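K.L.:
Please read through the structure below; I'll follow up with questions.
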Amino acid sequence: DAGVIQSPRHEVTEMGQEVTLRCKPISGHNSLFWYRQTMMRGLELLIYFNNNVPIDDSGMPEDRFSAKMPNASFSTLKIQPSEPRDSAVYFCASSSGTGGSETQYFGPGTRLLVL
Amino acid sequence: DQQVKQNSPSLSVQEGRISILNCDYTNSMFDYFLWYKKYPAEGPTFLISISSIKDKNEDGRFTVFLNKSAKHLSLHIVPSQPGDSAVYFCAASGGGSNYKLTFGKGTLLTVNP
Chain A
-10 DAGVIQSPRH EVTEMGQEVT LRCKPISGHN SLFWYRQTMM RGLELLIYFN
40 NNVPIDDSGM PEDRFSAKMP NASFSTLKIQ PSEPRDSAVY FCASSSGTGG
90 SETQYFGPGT RLLVL
Chain B
3 DQQVKQNSPS LSVQEGRISI LNCDYTNSMF DYFLWYKKYP AEGPTFLISI
53 SSIKDKNEDG RFTVFLNKSA KHLSLHIVPS QPGDSAVYFC AASGGGSNYK
103 LTFGKGTLLT VNP
């Protein structure tokens, strides 16, 4: 079975450029999460979708960040314009329920470097 | 304000011995706790969990203990194997946002042959 798929795996860009990260959740999962991992803050939840609807975006750092889930099999996280402090590993995760007791399955992550 | 804390950034143990990873939390509304394991260049993978109605959950070599009064949980790995070398994250959920996992910063476990 394919797990959560993320692309690209690595992204290097220059400050001011637009960055788009992509995620394909596990088929049949109805919850999708975007996380960011940094040395300073660890793993933080950015946004949570349930049945393709954004439920909680309180973790999105600022207006430069946006996320969409146009259908059950695809989500994007966009940063525009990107800044060096956005450098981090971004993970997408999916689960089959809505509660914290449902196991979240993580993708391999996208390592973003903004120069 | 870290609600889930893993105070040991790293731990080194010998193969065959017990590994004990610790985690403290501050939010008394947390009612479900999980441990994730992460290898380099991979995403975290679920390892074991425990509900607040229990104080112990065991799965093979892995046991999680929960002490609610102390707001403390620990993961025991017995016996430790070199393949267990990874970063271990403690996570918690509950209260008003049941879907949200709050993670600790992780502990790097190294099991030496």
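Protein chains in written order, with this note's numbering: chain A, -10 to 104; chain B, 3 to 115. For each residue, glycine too, the CB sits at the ideal point set by N, CA and C. Keep in mind it's a predicted model, so treat the numbers as computed, not measured.
1. Taking just the CA atoms, how far does B/N59 sit from B/Y90?
2. Do B/H74 and B/I22 have their beta-carbon atoms positioned less than 8 Å apart in this structure?
3. According to DSSP, is A/R74 part of a helix, a strand, or is it coil?
4. List the endpoints of the continuous beta strand (DSSP E) containing A/N19.
5. Compare the beta carbon distance of B/N29 and B/Q4 with 8 Å and say whether it is the shorter of the two.
6. Put B/G85 into one of helix, strand or coil per three-state DSSP.
7. So, for A/E3: in the same chain, excluding its five sequence neighbours on each side, which residues have a beta-carbon less than 6 Å away from its beta-carbon?
8. Please name the residues in the region 29 to 40 of chain A whose beta-carbon is closer than 7 Å to at least one beta-carbon of chain B, in chain order.
9. Quick one: what does DSSP say B/Q16 is sitting in, helix, strand or coil?
10. Between which residues of its own chain and B/L36 is the CB-CB distance below 6 Å, once the five residues before and five after are set aside?
11. So what's A/T99 in DSSP terms, helix, strand or just coil?
12. Out of A/L32, A/S62 and A/P43, which one is the CA nearest neighbour of A/S55?
13. Do A/G96 and B/G108 have their CB atoms nearer than 8 Å?
14. Hey, would you say A/P70 sits closer than 8 Å to A/G17, going by beta carbons?
15. Report the neighbours of A/G96 on chain B: residues whose CB is nearer than 8 Å to its CB, in chain order.
16. At the level of alpha carbons, what is the spacing between A/R25 and A/C81?
17. DSSP on A/L104, reduced to helix/strand/coil?
18. Alpha carbon to alpha carbon, what distance is there between B/G18 and A/A77?
19. According to DSSP, which residues form a beta bridge with A/K67?
P.N.:
Taking the geometry as given:
1. 17 Å
2. no
3. helix
4. Counting along the chain, A/N19 falls outside any beta strand (DSSP E), and DSSP gives it neither H nor E.
5. no
6. helix
7. L104
8. G31, L32, L34 and Y37
9. strand
10. S51 and A93
11. strand
12. A/P43
13. no
14. no
15. G45
16. 9 Å
17. coil
18. 35 Å
19. A/T9 and A/S55
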